[in-house]
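First comes the structure, then the notes that go with it.
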Amino acid sequence: MSKPTVSTINQTPDAQLDLRGTPCPINFVRTKLCLEQMTPGSLLEVWLDPGEPIEQVPDSLAMAGYPIEALENHTDYFALKVRRPQASA
């Protein structure tokens with residue numbers, strides 16, 4: 225029986241972005257801008273409010289080609305871990 229790969233789940237993020245209290249779509253735009261400035265392969269942890277932000281931002285990032293690696297439900301916010309894709313050859 226093979227073990228599921230969870231190697232990236234517990235990795236320490238390279239950067240953190242606290243967007244609690246930031247409305248949609250501003251939180252998505254700020255997350256995307258931050259990711260674009262990071263080194264390819266870097267991991268960003270974004271703190272988002274429950275409700276619309278956590279419903280919209282992960283889906284929007286995934287549609288834009290950013291791999292979602294983890295989503296942790298904390299008491300009053302969510303921690304979303306998203307990776308900047310490697311540069312294409």
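Positions in the sequence shown are counted from 1; adding 224 to them yields my numbering. Backbone N, C-alpha and C define an ideal beta-carbon position, used for all residues, glycine too. Because the structure is a prediction, the values reported are computed rather than measured.
Which residues does DSSP pair with residue i in a beta bridge?
i: N297; result: F302
For residue i and residue j, what's the separation of their Cα atoms in angstroms?
i: P247; j: A286; result: 19 Å
i: N297; j: A311; result: 30 Å
i: T263; j: R308; result: 7 Å
i: Q235; j: G275; result: 26 Å
i: T249; j: L243; result: According to the sequence provided, residue 249 is Pro. The question's Thr does not apply to it. Taking the straight line from one Cα to the other gives about 11 Å.
i: K256; j: G265; result: 14 Å
i: A288; j: L272; result: 18 Å
i: P277; j: D300; result: 13 Å
Measuring alpha carbon to alpha carbon, tell me which residue in the options is nearest residue i.
i: E279; options: M262, L304 and L241; result: L304
i: M254; options: D300, F302, L295 and V281; result: Checking the sequence shown, residue 254 turns out to be Arg, not Met. The candidate whose alpha carbon is nearest that of R254 is V281.
i: P291; options: L259, P277, V306 and L257; result: V306
i: D238; options: V270, D300, N251 and G245; result: V270
By the DSSP assignment, the beta strand (DSSP E) with residue i in it spans what residues?
i: D242; result: A239 to D242
From what residue to what residue does the alpha helix (DSSP H) around residue i run?
i: M287; result: E276 to M287
i: R308; result: Taken as a continuous stretch (DSSP letters only), R308 belongs to no alpha helix (DSSP H), as it is neither H nor E.
i: Q235; result: No alpha helix (DSSP H) contains Q235, which DSSP labels as neither H nor E.
i: T323; result: Lying outside 225 to 313, the shown extent of the chain, residue 323 is not represented and no answer is given.
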